[in-house]
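For the sequence shown, the residue numbers in this note's numbering are 1106 to 1827.
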Amino acid sequence: MNRVRCLVLNAALGPLDYRVPHGSDAPLGSVVVAPLGPRRLGGVVWEDESFGAPEPVGDNRLRNLFEVVPVPPIRAPLRRLVEWTSDYYLAPPGSVLRMVLPGAAFADARRPIVEYRATGERPARMTPQRTVALEKIGARQGIVRELAALGEVSEAVIRGLVQTGALEAVSVSADQPYPEPDSAFAPPDLSSEQAAAARQLRDAVAARGFETLLLDGVTGSGKTEVYMEAIAAAIDAGRQALVLLPEIALTEPMLTRFAARFGCEPVAWHSGLRSVERRRAWHAIASGEAKIVVGARSALFLPYANLGVIVVDEAHETSFKQEDGVHYHARDVAVMRGHFEQVPVVLASATPALESLQMAESGIYAKIDLPSRYGGAQMPTIETIDLTEEKPPQGMWLAQRLVDGIEARLERGEQSLLFLNRRGYAPLTLCRNCGFRYQCPNCSAWLVEHRFTSRLACHHCGHEAPAPKSCTECGEPDCLVACGPGVERIADEVAERLPQARVFVATSDTLNSPGRAAEFIAAVEAREVDVIVGTQLVTKGFHFPELTLVGVVDADLGLEGGDLRAGERTYQQVAQVAGRAGRGSKPGEVLLQTRHPDAPVIAALAAGDRDAFYSAETEMRREAGAPPFGRWASIIISSEDDAEAREAANRIGAFRPDVAECMILGPAPAPMALLRGRYRYRFLINARRSVQLQQVIRRWLAAIDHPPGVRVAVDIDPYSFV
Ligand SMILES: [Zn+2]
Ligand SMILES: [Zn+2]
């Protein structure tokens, strides 16, 4: 009898045994649909000896597989990656497999999908909901669920609009071929420095072996053009290339740059895709037809038929760390995927993570330097403004010198960028009369005022409420005071002090889709914007030649509430945003507003002395036993019931293992003691590299049961310490 072991898409289950129906064949890696109780469940045929080789189920208890899905089998290197990821991050293998096999994998790509779009006809009976939905949907099309999300209405409203004829059905094929990228379409004009770097990358791709290459180039050095040559080499060899980007907002401009280089847009993969696009992309990736894939971190687990190179762009970005579900770091998993696939991995950054630099220093990664800007552009000059001496006017946040700098740019027709990593108008709102502070009901966090939408919002759970006209505590009217600045308030200040300036606020609130990001870029390039006020979103990727002044509104902000990477993150953010200045022929200037001009990070930034910063930071980490010299893990125990969470944490604490060179702190209330309605307690574990950290934690937690309302989340190599 033909029997197989399958890993199924269920986080609670290990591998299960099934019978292959007579007449079918299910070799290793086959994608299958299997029965589980009354349900149908996707899965993959797996090696018997994986996951601790559980005892086989007796022949008499085997159930038949429903179906072997007609897609290419999941190859061994990807099966090994699923096992490694599950093992390293202590995540259920079924959850990791879900990233390999999203719903799109099981949808028949040959069957057309019915989408809907507006006809321009107004329904006979117009309701406010219908008006808003049609307005928000505009010219876009999608399935009912997607249009409901776009229009922010229920699916019933969308179906109603279909019935009235305001929306019409369109049949869309998910089976159209993608255009073929052409490696010789528009080869770049590389500097000699770039050409040497590109040659090294091309050689690595041609060698068809695993190697990690750290492409360390200053901002504006043309890293993208260089790594595109590695991609060209992969295409020439008939293989696929994967480029990981940290932010979905960056995808659209990147697609355009790829189209200019290779003659057609690459295949995109991110959470903003329509379901027909996901289906088409997944199948083209699995068949090998998609040659260049540009995507968010989730693109890392897709089943490439014939991968030739992986590029991680802006590899230092902390957004590569997934903060829910499987807590993986895409940069680290990319290196592991390169190892299993035996292909080179390129980590590109102007401000590499300390961990990556350390690997290069110890010779494990190859390091390729691009020390100068492309086309003779100079690095910007950086100066600090000591806010304790150059005080902004009462109730304002920008020193006069910075405002003068913006005004000078306005007169010359150049552009300025003000950076403040705080969305909204003000981070805290309180009542002048009774002192009440507006706090999120679900989180230990202040509500942030957003004046564009006249709402108070929590940036952790999404809770929103209209800004009250009178205090909800004491009833006093018009007594709410905004404390501190957010980007909206800075934009207001610029408008007040320089009324002639055209100001654009660039945050995840305003650039919340690839289309909006593209509009923003077009407006800046057409010089319809004089001053950009933005959050960390504007620190990366953008290239605006007329932007010659960058003002950092509060360089000290990232250092507050310092976690282990606060210094590094501040350095990276400020260096990246400074790198937006003077990328064309005109020189750039950067002004850092600070209260601590002598703090090591600020001093290193002002002196442009990256090495000084990194060596001080390295020493500090070495002393603290922090990564890359030691390891951290966190365990968060949460429940909607505070007492239940605390008891569970204490129970785990009672079983704490005593392991040499492994320090366990806690349990203590987490810094965010309440998050999304759940009470949270935390253990922090700091261990020497020699400790088998995962094994220690796995054994510790395995012995302890919890009530169903308790969640225990382990984060290996955490980036978030809230
Ligand atoms: Zn009050
Ligand atoms: Zn909240």
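Cβ atoms here follow ideal geometry from the backbone N, Cα and C, with glycine treated the same way.
All of these numbers come straight from a predicted model, not from anything done at the bench.
Quick one: is the Cβ of residue i within less than 6 Å of any heavy atom of ligand 1?
i: E1554; result: no
i: F1524; result: no
i: C1369; result: no
i: F1541; result: yes
i: C1536; result: yes
i: E1578; result: yes
i: E1422; result: no
i: E1673; result: no
i: E1516; result: no
i: E1581; result: yes
In whole angstroms, give me the CA-to-CA distance for residue i and residue j.
i: G1656; j: L1585; result: 29 Å
i: L1599; j: T1577; result: The sequence given here has Val at residue 1599, not Leu. If I take the Cα positions, the gap works out to 31 Å.
i: L1320; j: R1145; result: 46 Å
i: R1166; j: A1309; result: 51 Å
i: V1450; j: R1442; result: 9 Å
i: I1263; j: E1285; result: 37 Å
i: Y1470; j: T1317; result: 5 Å
i: E1419; j: S1200; result: 27 Å
i: T1615; j: T1644; result: 15 Å
i: A1342; j: V1608; result: 47 Å
i: Q1797; j: C1767; result: 10 Å
i: E1394; j: L1239; result: 36 Å
i: V1679; j: S1739; result: 28 Å
i: L1118; j: L1170; result: 17 Å
i: V1372; j: A1335; result: 17 Å
i: S1288; j: L1306; result: 15 Å
i: H1555; j: G1540; result: 20 Å
i: W1387; j: E1519; result: 43 Å
i: A1531; j: D1597; result: 12 Å
i: E1749; j: P1823; result: 25 Å
i: P1351; j: V1592; result: 22 Å
i: M1333; j: R1602; result: 44 Å
i: R1203; j: C1111; result: 14 Å
What's the call for residue i, buried or exposed, on a 16-neighbour Cβ count within 10 Å?
i: S1278; result: exposed
i: N1107; result: exposed
i: R1215; result: exposed
i: C1579; result: exposed
i: M1484; result: buried
i: T1493; result: exposed
i: H1127; result: exposed
i: F1425; result: buried
i: R1478; result: buried
i: L1770; result: exposed
i: C1588; result: exposed
i: V1431; result: buried
i: R1761; result: exposed
i: E1251; result: buried
i: M1231; result: exposed
i: S1743; result: buried
i: V1706; result: buried
i: T1699; result: buried
i: Q1299; result: buried
i: N1104; result: Outside the shown range of the chain (1106 to 1827) lies residue 1104, about which nothing can therefore be said.
At least one CB of chain D closer than 7 Å to the CB of residue i: is that the case?
i: P1457; result: This model lacks chain D altogether, as it is built from one protein chain only.
Answer yes or no: the CB of residue i versus the heavy atoms of ligand 2, is any distance below 6 Å?
i: N1547; result: yes
i: H1568; result: yes
i: H1127; result: no
i: H1565; result: yes
Can you determine whether any heavy atom of ligand 3 sits closer than 6 Å to the C-beta of residue i, and answer yes or no?
i: L1118; result: In the structure shown, ligand 3 is absent; the only ligands present are ligand 1 and ligand 2.
* Spell out a yes or no on whether the stretch 1632-1642 and the stretch 1364-1381 are touching, meaning 3 or more CB-CB pairs, one atom from each, closer than 8 Å. => no
* To do: Flag this pair as touching only if the stretch 1771-1781 and the stretch 1535-1552 have three or more C-beta atom pairs under 8 Å; answer yes or no.
  => yes
* Asked: Taking only runs of the alpha helix (DSSP H) that begin and end inside the stretch 1443-1483, which ones reach a length of at least 4 residues, in chain order?
  -> 1459-1466
* Would the stretch 1713-1732 and the stretch 1536-1544 be scored as touching if the rule is three or more Cβ pairs under 8 Å? -> no
* Inside the stretch 1285-1360 only - alpha helix (DSSP H) runs reaching at least 4 residues -> 1297-1311 and 1328-1341
* Please specify which runs of the alpha helix (DSSP H), each continuous and at least 4 residues long, are wholly inside the stretch 1690-1734, giving them in chain order. => 1705-1712 and 1715-1729
* May I ask you to verify whether the stretch 1621-1630 touches the stretch 1351-1362, counting CB pairs closer than 8 Å and requiring at least 3? => yes
* To do: Note down, one range per segment and in chain order, each alpha helix (DSSP H) of at least 4 residues found wholly within the stretch 1595-1680.
  => 1619-1630
* For the 8 Å Cβ check, are there 3 or more pairs between the stretch 1718-1729 and the stretch 1510-1530? -> no
* To do: Give a yes or no on contact between the stretch 1402-1412 and the stretch 1323-1336, applying the rule of three or more CB pairs nearer than 8 Å.
  => no
* To do: Could you tell me which uninterrupted alpha helix (DSSP H) segments, each at least 4 residues in length, are contained entirely in the stretch 1196-1257, listed from first to last along the chain?
  => 1198-1205, 1233-1242 and 1249-1256
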